[in-house]
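From first to last, the protein sequence lines are chains A and B. All residue numbers for the first sequence refer to my numbering, where the first residue is 1 and numbers rise by one. All residue numbers for the second sequence refer to my numbering, where the first residue is 346 and numbers rise by one. Quick reminder that beta carbons are idealized off the backbone N, C-alpha and C, glycines included. What follows is a set of notes on a single structure, which appears directly below.
Protein chains: 2
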Amino acid sequence: LPLAEKSLIARIRRMPGAGLSGAATSGLIRLGIGDDTAILRFPAGQEVLVTTDFSLEGVHFRRDWHSPESVGHRCLARGLSDIAAMGGEPEAAFLSLALPARLPQAWVDGFLRGLLALASQYGVTLAGGDTAQSPKERILADIVVLGSVLQGKAVRRSGAKPGDAIYVTGELGASALALKKLSLSLHSGKKLNPKKYPRHFFPEPRIAVGRYLLAHAMASAMIDLSDGLSTDLHHICEESRVGAHISAELIPRAEGATLQQALHGGEDYELLFTAPAKRKIPRSIAGVPVRRIGTVVQQKRGSRTSHHVMILDHGKAAELLPRGWEHFARESSKKPKSKSQASPK
Amino acid sequence: LPLAEKSLIARIRRMPGAGLSGAATSGLIRLGIGDDTAILRFPAGQEVLVTTDFSLEGVHFRRDWHSPESVGHRCLARGLSDIAAMGGEPEAAFLSLALPARLPQAWVDGFLRGLLALASQYGVTLAGGDTAQSPKERILADIVVLGSVLQGKAVRRSGAKPGDAIYVTGELGASALALKKLSLSLHSGKKLNPKKYPRHFFPEPRIAVGRYLLAHAMASAMIDLSDGLSTDLHHICEESRVGAHISAELIPRAEGATLQQALHGGEDYELLFTAPAKRKIPRSIAGVPVRRIGTVVQQKRGSRTSHHVMILDHGKAAELLPRGWEHFARESSKKPKSKSQASPK
Chain A
1 LPLAEKSLIA
11 RIRRMPGAGL
21 SGAATSGLIR
31 LGIGDDTAIL
41 RFPAGQEVLV
51 TTDFSLEGVH
61 FRRDWHSPES
71 VGHRCLARGL
81 SDIAAMGGEP
91 EAAFLSLALP
101 ARLPQAWVDG
111 FLRGLLALAS
121 QYGVTLAGGD
131 TAQSPKERIL
141 ADIVVLGSVL
151 QGKAVRRSGA
161 KPGDAIYVTG
171 ELGASALALK
181 KLSLSLHSGK
191 KLNPKKYPRH
201 FFPEPRIAVG
211 RYLLAHAMAS
221 AMIDLSDGLS
231 TDLHHICEES
241 RVGAHISAEL
251 IPRAEGATLQ
261 QALHGGEDYE
271 LLFTAPAKRK
281 IPRSIAGVPV
291 RRIGTVVQQK
301 RGSRTSHHVM
311 ILDHGKAAEL
321 LPRGWEHFAR
331 ESSKKPKSKS
341 QASPK
Chain B
346 LPLAEKSLIA
356 RIRRMPGAGL
366 SGAATSGLIR
376 LGIGDDTAIL
386 RFPAGQEVLV
396 TTDFSLEGVH
406 FRRDWHSPES
416 VGHRCLARGL
426 SDIAAMGGEP
436 EAAFLSLALP
446 ARLPQAWVDG
456 FLRGLLALAS
466 QYGVTLAGGD
476 TAQSPKERIL
486 ADIVVLGSVL
496 QGKAVRRSGA
506 KPGDAIYVTG
516 ELGASALALK
526 KLSLSLHSGK
536 KLNPKKYPRH
546 FFPEPRIAVG
556 RYLLAHAMAS
566 AMIDLSDGLS
576 TDLHHICEES
586 RVGAHISAEL
596 IPRAEGATLQ
606 QALHGGEDYE
616 LLFTAPAKRK
626 IPRSIAGVPV
636 RRIGTVVQQK
646 RGSRTSHHVM
656 ILDHGKAAEL
666 LPRGWEHFAR
676 ESSKKPKSKS
686 QASPK
């Protein structure tokens, strides 16, 4: 069925966690779907965090690999994870959605269900967006998340100091491992059980961990692991003008994941942060394990990248280059992911 | 040349009006491009306006019709116009941009030039966004604009009362006329001179008019004319639960535009607003003509739409249906525009 846009909007407005048309208000949202703009009121003393993230069919997901619920969940999770990486509280989401004319209504419903289930879990209201027909039969989504944080308290990428310890939450490589299996299933025809790879299909943004680290002023710099540890560690080093030494054996790997997947696999949505070495960091925060993987060092001149990242593996030191993560898109370029953003990542 | 995303981001950060990496701040922007999120600080007593708008190649623009500068300008103008329609002040923009791998760098530069020229005209900072490779060789942009407005003062669509007068700014139908000419040029091969159709290629959002109306508490309801007068008037009637009577001869038409183009043509980005009939409205605000075109009436039961809109033309009254605007996209659906939004339009 062709999607009448009006009915799509009406549909969204009726769903729990969305809408708030007319005079209805909730929390910070003074006006939601149904006007020229949404209106939000942030309490005095709060700053506004803003992040936007594409979820494009064929680049960030595939319809034959990802259920509509998973696509909706992952779409919002990308934005929530960015808010987590600042230590912020997510407040409102805005969804721009371009759909192919012949997309079954059931797909859209599943997508919205996945997105809104995650939204309600974190008290986030879907307060607006845009809809359009997709020009080339691909599903195109762009999610905007607004968050709040106490004035001046947000944890930036730029605060890491030489001597700081480097930590990661959870386990790495799970998402890359799932994608590898999905890719193999193309040839074997064997279907993957999504329940075995929750971190890929339904990643949990580490909101509670970020909030804890901010509340206790523990982290000097933070980023979420969306591009992969190697690339995201370089982002911190670049913005903080420092280098880093990490140890391969300290990196927490998801079961079955290789070191390469843990180093360069993206979309794990764990947090990578730094903290003064003498600061005591709990081994588990909000139920999520926290592991030290290395140390921030002074920036070194003459390395291939301006900020020098070294990895120690079985007693051998090597330079760790930002190898991001080769996505599953089959387009011409070798780097179709291009995830690091024109900013607010 | 394939666009290395990193260089695209670096390019944007270097452009005037964009970026603000690291510690640099400007106005409300505490942190711009280069972290997980941007950080904005709104003064106490201000509310935050949020709007998002797609600009998709083949739906909202065509590369053979629109210069990159025009596409960039129109992309941002859509968001600014939504802020204008609330009476707000635009503050920051966020751009999500997916590009084909083989897009010439000159196109991207022109696009950013057009977008940033308009941004600087209104003191708007490009504070973030996302970049990706386009999955199907189409240019895909999504613009987010954040604006500010005094608490509780934003002009909504829902405040029109029976007896209020209905006004429009400027002239209508110019954009539809230009598109008609563009469409004819496909057959004739005759190139259109964009300078003759500034309202289509470089529309000016009516920020100053919206701000004036808010400052003088003149407007009871307002919307920007992006979908076309017939559709946008229905939006006001729907949200205000009223009807409307307008007169064909009172509608200010752009030179050469037909009544149909003035009624149903979209993307003029003028303002449509209502005000108490006894309230004196200047004939010109911030240099833009303001014309009364009709009167708000009580909602009538039994009309085909729940809110009844009548047009009087040469003494004959007819129902005015929301015929929005048939776009130039050549996809299967008859309503490829689907501009009215999953909210913040």
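Could you tell me whether the Cβ of residue i comes closer than 9 Å to any Cβ of chain A?
i      : result
B/E615 : no
B/K625 : no
B/A521 : no
B/R551 : no
B/Q496 : yes
B/S528 : no
B/G367 : Note that B/G367 scores a pLDDT of 38, beneath 50, so its modelled location is shaky; the value from the coordinates is reported in the next line. At least one chain A Cβ lies under 9 Å of B/G367.
B/R359 : no
B/F387 : yes
B/F618 : no
B/S629 : no
B/D398 : yes
B/G492 : yes
B/A464 : no
B/A663 : no
Starting from residue i, follow the alpha helix (DSSP H) in both directions and report where the run begins and ends.
i      : result
B/L531 : A519 to S533
B/D577 : L574 to S585
A/G210 : I207 to A215
A/I83  : P68 to A84
B/Q291 : Given a span of 346 to 690 for chain B in the structure shown, any question on residue 291 of chain B remains unanswerable.
Applying the 10 Å Cβ sphere with the 16-neighbour rule, what's the burial state of residue i?
i      : result
A/A23  : Reliability fails at A/A23, whose pLDDT of 38 lies under 50, so the model's placement of it is uncertain and the value that follows must be treated cautiously. Exposed, since its Cβ has fewer than 16 Cβ neighbours within 10 Å.
A/K136 : buried
A/D64  : exposed
A/Q105 : exposed
B/S528 : exposed
A/P68  : buried
A/S55  : buried
A/G129 : buried
A/R283 : exposed
B/G497 : exposed
A/S226 : buried
A/H200 : buried
A/G243 : buried
Residue i and residue j look like a contact to me (Cβ under 8 Å); what is the Cβ gap, rounded to whole Å?
i      : j      : result
A/G147 : B/T382 : 7 Å
B/A593 : B/A521 : Rounded, the Cβ-Cβ distance is 16 Å, inconsistent with contact.
A/R41  : A/L49  : The pair is not a contact, with the Cβ atoms about 16 Å apart (cut-off 8 Å).
B/G610 : B/A430 : Incorrect: roughly 17 Å between the Cβ atoms, too far for contact.
B/M563 : B/I626 : 6 Å
B/H580 : B/R668 : In fact, because the Cβ distance is near 13 Å, the residues do not count as touching under 8 Å.
A/G34  : B/E392 : In fact, because the Cβ distance is near 17 Å, the residues do not count as touching under 8 Å.
A/A77  : A/L112 : Not quite, the Cβ-Cβ distance comes to about 15 Å (not below 8 Å), so this is no contact.
B/G459 : B/G417 : 3 Å
Within 9 Å of any Cβ in chain B, is that where the Cβ of residue i sits?
i      : result
A/F111 : no
A/D35  : yes
A/V50  : yes
A/L31  : yes
A/D313 : no
A/A277 : no
A/E239 : yes
A/I166 : no
A/I251 : no
A/R157 : yes
A/A154 : yes
A/A127 : yes
A/I83  : yes
A/E267 : no
Hey, is residue i close to the ligand NAP, as in C-beta under 8 Å from one of its heavy atoms?
i      : result
B/E549 : As far as ligands go, the structure on display features none, and thus does not contain the ligand NAP.
Since residue i is in the beta strand (DSSP E), which residue starts that stretch and which ends it?
i      : result
B/Y636 : Note on identity: in this sequence residue 636 of chain B is Arg, with Tyr being the wrong assignment. Segment V633 to Q643, the beta strand (DSSP E) holding B/R636.
A/E91  : E89 to L99
A/D130 : T125 to Q133
A/I29  : I29 to L31
Quick one: which residues of the stretch 400 to 423 of chain B get their C-beta closer than 8 Å to a C-beta of chain A? List them in chain order. L401, E402, G403, V404 and H405
Where the stretch 209 to 228 of chain A meets chain B: residues whose CB sits under 8 Å from a CB there: M222, I223 and D224
Proximal residues, the stretch 474 to 490 of chain B versus chain A, C-beta separation under 7 Å: G474, D475, T476, A477, Q478, P480, K481, R483, L485, D487 and V489
Can you list, in chain order, the residues of the stretch 87 to 111 of chain A whose Cβ is nearer than 8 Å to any Cβ on chain B? G88, A92, F94, L95, S96, L97, A98, A101 and R102
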